[in-house]
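What follows is one structure encoded as structure tokens, with my remarks underneath.
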Amino acid sequence: MGKTLAEKLWDSHNVRSAPGEPDLLYIDMHLIHEVTSPQAFDGLRQAGRPVRRPDLTLATEDHNVPTMNIDQPIADLTSRTQVETLRRNCAEFGVQLFSMGNVEQGIVHVIGPQLGITQPGMTIVCGDSHTSTHGAFGALAFGIGTSQVEHVLATQTLPMVRPKTMAVSVNGELPDGVTAKDVILAVIAKVGTGGGAGYVVEYRGTTFDAMSMEARMTVCNMSIEWGARAGLIAPDETTFAYLKGRPHAPTGAEWDAAVEYWRSLCTDPDAEYDAEVSLDAESLAPFVTWGTNPGQGAPLSETVPDPESFEDESERTAAAKALDYMGLVAGTPLRQIKVDTVFVGSCTNGRIEDLRAVADIIKGRSIADGVRMLVVPGSMRVKAQAEQEGLDSIFKNFGAEWREAGCSMCLGMNPDQLAPGERSASTSNRNFEGRQGKGGRTHLVSPLVAAATAITGHLASPADL
Amino acid sequence: MDKFTVHTGRAVPLRRSNVDTDQIIPAVYLKRVTRTGFEDGLFNAWRQNEPDFVLNQPRFEGATVLVAGPDFGTGSSREHAVWALLDYGFKVVISPRFADIFRGNSLKTGLLTVELPEKVVNRLWDDIEENPQTEVTIDLTERQVRWSGEVHEFVLDDYTRWRLLEGLDDIGLTLRNVEMIDVYEQSRKPWLPVAR
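If you read the sequences in order, they're chains R and Z.
Heads up, this note's numbering is the position in the first sequence plus 50, with the first residue counted as 1.
Heads up, this note's numbering is the position in the second sequence plus 384, with the first residue counted as 1.
Okay, here's the thing in structure tokens:
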């Protein structure tokens, strides 16, 4: 029997297998940031261990960094200490770091692909659950905890139990106004937040084949939101074209050898998955969340669901609790939900294509009264590109704030937060209670819905304009 | 990591599903660079905003076993969620299903996470609400949860169980095989990127 893509990636990185023990998996690239690494470096120091492969370790500052006045020291003292701790640790252990203000700085999952450091066939880990993003290149990429960060720093490996595999097949052409974000939100609503637990999922089918690399990254990014360990898309010509010429991509004869190898990274026709899910692209519509987990979503044309309509008791209780937190009444059309803030950014939707899509909708219009809009590029490179294309003027003329790169309001570790009771339409990945600020209420949306919502002041799609 | 063999303690019922890591500890508490002292962040929003929240009820004070609904620990990879539970005094979390990364983190840090069927969790909830003094025993040696005459087996792979029983550090175990890592590194593809 043939192998799935996930199995090929696993087997090619398996350092050691022993009966009754987890496999020992080699890690090709370890990405780190300021939040989940300080205790890991402390652990190394206490044990007197070096970083085994500083050359396979890359650090950036993203979670805490302010998105304004970045030429000044970070005002929040605990944030500043955390960032300074990363700087000290990287200097001491010889790790490359892109600090605030550096042209290569940005959200860890934006800069890896942008530099060409994310390549097909690799294993990539980071102390951040959205590491699944890098799976868009056909790399096995997953989030890890701080104990595992320390383990990778010390050994460049991780003991892991071989996961199960699942295929998510989506075929057909997406209707106008339906994006990669809507596809993944629809998948999560279908399977639930725990539906992928224990699996590495492979997204396949003509819908994904037709997507750009950035759209594929949006899909893989949210794999963790339905519990999957990692998400994968087999590399193809789109992948190779994206990578060619990037700073860390192979060149010359090595490029040819790499592409030849990358072409073998697909699921064999006779391979079997442990589970399969499928969706029809043509049936999809712009999708938004109404609740407090990413699985609580519905097409924009629908209404806030009645908790009593859920058969499962825990889902019923969760829905009632979510509506209470979100300040929503069952039966309200989703389109009538008014927002205070629109956030465009994050490792899900903070790339240049996302910014272009938003600019395209809002160009020549103005922001709804009483709405604030933050546009936060995923990296300094994305920011520079957007400014070169004049997108920053479009955002500013519209009435949006144009900021510096970072995670920003996706998780509100920096000053970009919602006030209690404030409601946002956000292109980020989590609508958990308090995620964007204590008491804040989040609706997850695509960049297109974010743009239309900023114009109308209530949840809307470009077709409503 | 401390050894874990058998733990007996009182339990607290958290009748909620999909308890995500942002609820266990909000991001604002993740700015510290230490590994301890996270107990104040644990379920901070619920403890502050809901006077009746289980951890605010004196009858459950001092409980060391948390019994939660399905899909506990979804969301981020923050190990701080595990540290906050340990720092608060929990030794065990029971749920019908855990998110992968949270589960992995807990078992590496010595917080035992035990999966029991939803029906059993429901019964345990009822029993500890009726009598908060109920002592619950989690026996890793026998892979059993026992209380008030009830005995339920749970599943945990032999390797993880052995590591917890011995209190072994993963890094030390891996470094016993360091020569195999050296050998593997010789076979890596020549074009693979470096971060410099």
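No residue lacks a Cβ here, since even glycine has one placed at the ideal position from N, Cα and C.
- Straight-line measurement puts the Cα of Z/R547 at about 34 Å from the Cα of R/A321.
- Within the segment 430–452 of chain R, no residue has a Cβ lying closer than 7 Å to any Cβ of chain Z.
- For R/K58, the enclosing alpha helix (DSSP H) covers residues 55–61.
- Annotated three-state conformation of R/Q155 is coil, per DSSP.
- Rounded to whole angstroms, the separation of the alpha carbons of R/T477 and R/V392 is 8 Å.
- Spatial neighbours of R/G462 in its own chain (CB-CB distance under 8 Å, excluding positions within 5 residues in sequence) are listed in chain order as L468, R485, Q486, G487, G490.
- Near chain Z, meaning a CB-to-CB distance below 8 Å, the residues of the segment 205–237 of chain R are T205, Q206, T207, P209, V211.
- Cβ-Cβ separation between Z/T405 and Z/T521: approximately 28 Å, too far for a contact (criterion under 8 Å).
- When Cβ pairs closer than 8 Å are counted between the two stretches, the segment 447–461 of chain R is seen to touch the segment 413–425 of chain R, the count reaching three or more.
- Each of R/I174, R/P285, R/T342, R/G507 was checked against the Cα of R/Y375, and the nearest Cα belongs to R/T342.
- Note that the C-beta distance between R/G188 and R/L55 is below 8 Å.
- Going by C-alpha positions, Z/Y543 is about 19 Å away from Z/V529.
- A distance of 8 Å or more separates the beta carbons of R/G414 and R/G156.
- R/H80 is bridged by DSSP to R/T107, R/V175.
- At a cut-off of 8 Å, the C-beta of Z/T558 has a neighbouring C-beta in chain R.
- The residue from Z/S461, Z/I555, Z/G473 with its alpha-carbon nearest to that of Z/R487 is Z/S461.
- Under a 10 Å Cβ-count criterion, R/Q96 is classified as exposed, with fewer than 16 other Cβ atoms of the shown protein chains found around its own Cβ.
- The three-state secondary structure of R/Y323, taken from DSSP, is coil.
- Among the bridge pairs identified by DSSP, Z/D404 is matched with Z/T458.
- By the criterion of a C-beta distance shorter than 7 Å, Z/G425 is surrounded in its chain by I409, P410, Y413, A468, once the five residues flanking it on both sides are discounted.
- Residue-level contact check: R/S197 touches chain Z, since one or more beta carbons of chain Z fall below 8 Å from its beta carbon.
- At a cut-off of 3 residues, the continuous stretches assigned as beta strand (DSSP E) that sit fully inside the segment 476–508 of chain Z are 476–479, 496–499.
- With respect to the C-alpha of R/N271, the residue from R/S396, R/H298, R/S197, R/E287 having the closest C-alpha is R/S396.
- Contact between R/R137 and R/E264 is ruled out by a C-beta separation of about 30 Å, above the 8 Å threshold.
- For R/T492, the enclosing beta strand (DSSP E) stretches over residues 491–494.
- Residue pairing from DSSP places R/K214 in a beta bridge opposite R/Y249.
- Bounds of the beta strand (DSSP E) holding R/G347 are 347–349.
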